[in-house]
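Residue numbers (this note's numbering): 428 to 546.
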């Protein structure tokens, strides 16, 4: 049977969002460094390298945001589905009335069948 421990998934989603926030701060700091280096001469190669790093960090930021968003939506959908199943199960309680059960006497049938075998 498939089941998800939602507490752990929510914790991982929060961890991903924390990583996105940290990566955003690092990207902003890198942008600040690049702006400062543009004021210095002879830093073109360094700036180009940092811009490559910046592009890679922005790509990773986008991927992490998408992962966090997908995980968050998965949690929400799973919990809604789980709640809907529980609600349906609780609403579909069927109470059956007690039925009287009779006892049949098949001794006469046995006598008839025994009579057929002897013929």
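Each residue gets a CB set at the ideal place from its N, CA and C atoms; glycine is no exception.
The straight-line gap separating the alpha-carbon atoms of residue 465 and residue 454 is approximately 17 Å.
Secondary structure of residue 530 (DSSP, three-state): coil. A distance of 9 Å or more separates the beta carbons of residue 481 and residue 449. Around the beta carbon of residue 447, a 10 Å sphere encloses 16 or more other beta carbons of the protein chains shown; the residue is thus reported as buried. If you look at residue 525, you'll find it isn't in any alpha helix (DSSP H); DSSP assigns it neither H nor E. Straight-line measurement puts the Cα of residue 523 at about 26 Å from the Cα of residue 510. Across the set 499, 535 and 507, the C-alpha of 499 shows the shortest separation from the C-alpha of residue 439.
CA-CA distance, residue 494 to residue 456, rounds to 23 Å.
Within the segment 428-473, the complete alpha helix (DSSP H) segments of 4 residues or longer fall at 433-464, listed in chain order.
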